[in-house]
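Asker: In this note's numbering, the protein residues as written are 354 to 719.
1) Thinking C-beta only, is residue 472 closer than 8 angstroms to residue 597?
2) What does residue 692 pair with, by DSSP beta-bridge criteria?
3) How should residue 400 be labelled, buried or exposed, when 16 other C-beta atoms within 10 angstroms of its C-beta is the threshold for buried?
4) Spatial neighbours of residue 641 within its chain, please: C-beta separation below 7 angstroms, excluding the five flanking residues on both sides.
5) To which residues of the same chain is residue 443 closer than 6 angstroms at the C-beta, ignoring the five residues directly before and after it?
6) Does the count of Cβ pairs from the region 576-589 and the region 612-621 closer than 8 angstroms reach three?
7) Can at least three beta-carbon pairs, one atom from the region 458-469 and one from the region 518-537, be found at a separation below 8 angstroms?
8) Unbroken alpha helix (DSSP H) runs of length 4 or more, entirely within the region 494-571: which are they?
9) By DSSP, does residue 492 sit in helix, in strand, or in coil?
10) Who are the near neighbours of residue 567 in its chain, counting only those whose CB is closer than 6 angstroms to its CB and skipping five residues on each side?
11) Give the straight-line distance between the Cα atoms of residue 461 and residue 403, rounded to the nearest whole angstrom.
12) Using a Cβ distance threshold of 8 angstroms, determine whether the region 507-514 contacts the region 672-683, with at least three qualifying pairs required.
13) Using CA atoms only, rank isn't needed, just tell me which of 656, 503, 476 is closest to residue 689.
14) Any beta-carbon of chain D closer than 8 angstroms to the one on residue 488?
15) Let me check understanding here. Comparing Cα to Cα, which of 447, 459, 390, 434 lies closest to residue 419?
16) Less than 8 angstroms between the C-beta atoms of residue 713 and residue 387, yes or no?
17) From residue 715 to residue 436, what does the alpha carbon distance come to, in whole angstroms?
18) Just curious, the beta strand (DSSP E) that residue 380 is in, first and last residue?
19) Leaving out five residues on either side along the sequence, give the residues of the same chain with a beta carbon under 6 angstroms from the beta carbon of residue 576.
20) Does residue 445 pass the burial test, meaning 16 or more other C-beta atoms within 10 Å, or should it be called exposed?
21) In angstroms, rounded to a whole number, what distance separates the CA positions of residue 573 and residue 482?
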């Protein structure tokens with residue numbers, strides 16, 4: 354069970370909310386399985402886990418034709434734990450994943466208001482530049498021996514530190530996403546801090562992104578800076594930027610991803626590079642990637658190597674079964690311990706420099 358989960362295809366309102374002339378669509382994702390971890394605090398663990406390949410979500414997406422090529426759009430998405438049915442991130446929360454309303458035009462793009470994904474997710478993750486999005490799931494996103502990064506309200510201090518899993522959305526935000534301009538899509542977002550006397554800077558979020566596709570090649574870039582009330586009275590926070598490339602070769606495609614994460618108060622920073630490949634030949638999808646994560650002096654020069662492999666078998670257009678393995682090796686300071694993203698709990702960190710995970714599961718969409 355996960356209080357935070359990987360972003361999923363089709364959840365970006367700009368990607369699908371305007372697909373029909375009008376009406377309301379119910380949609381959802383369900384994932385469950387069994388995971389084995391070789392070392393959690395010195396002990397192995399075999400357990401039920403859900404929301405890994407995709408998050409467990411249900412939502413409503415709607416459009417209204419306003420005439421002249423314009424539409425009103427909305428999206429409300431709720432996340433839940435399949436194991437006990439509880440709402441996430443806290444029992445009683447309703448549409449915590451996304452809650453937005455706006456206007457869309459095929460010629461001018463869209464403007465949306467509410468709780469939304471920033472462009473690390475929109476441009477890079479939804480742009481399929483990350484192997485985690487395409488086959489690796491939550492365990493394939495980034496975490497390691499970097500707890501000193503110190504992200505506020507984060508379960509480990511470095512869970513999903515580059516925001517590519519979509520585990521953190523931007524509340525009170527206004528977002529513009531352009532129309533497709535000969536393969537180019539770009540966007541800007543501002544999240545209000547809503548702090549009296551804090552001006553437009555305190556507790557705010559600023560994000561931008563773009564994606565360009567031509568032939569078999571796709572390129573993407575994104576930036577986001579989130580300021581937290583716990584950091585210098587809302588005037589410091591976490592800054593992320595990333596670059597991605599993807600190239601298709603018949604049934605194969607290759608991806609390359611770089612991200613940089615920096616704590617603007619302490620100077621702690623992490624660089625990540627990922628290289629991966631995927632094969633799609635119905636009913637099989639096979640993917641693998643290698644990631645190198647490197648912290649700076651403020652993070653004791655800790656680093657991690659991680660290798661992920663996954664095989665999915667489509668039982669139908671909506672339902673798949675899959676197996677996945679992840680191995681991480683950590684180095685740097687004497688206290689550098691491996692910690693795969695999504696392995697949660699008070700003793701989830703490995704007691705050594707290595708951690709191995711294997712999972713079998715299934716997912717379905719509606």
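Backbone N, C-alpha and C fix where the C-beta goes; we use that ideal spot for every residue, glycine too.
Model, not experiment: these values are computed from the prediction.
Answerer: Taking the coordinates as given:
1) no
2) None; residue 692 has no bridge partner.
3) exposed
4) 629, 630, 661, 662
5) none
6) yes
7) yes
8) none
9) helix
10) 536
11) 39 angstroms
12) no
13) 656
14) Judged by its chain identifiers, the structure shown contains no chain D, having just a single protein chain.
15) 459
16) yes
17) 14 angstroms
18) 376-393
19) 561, 594
20) exposed
21) 8 angstroms
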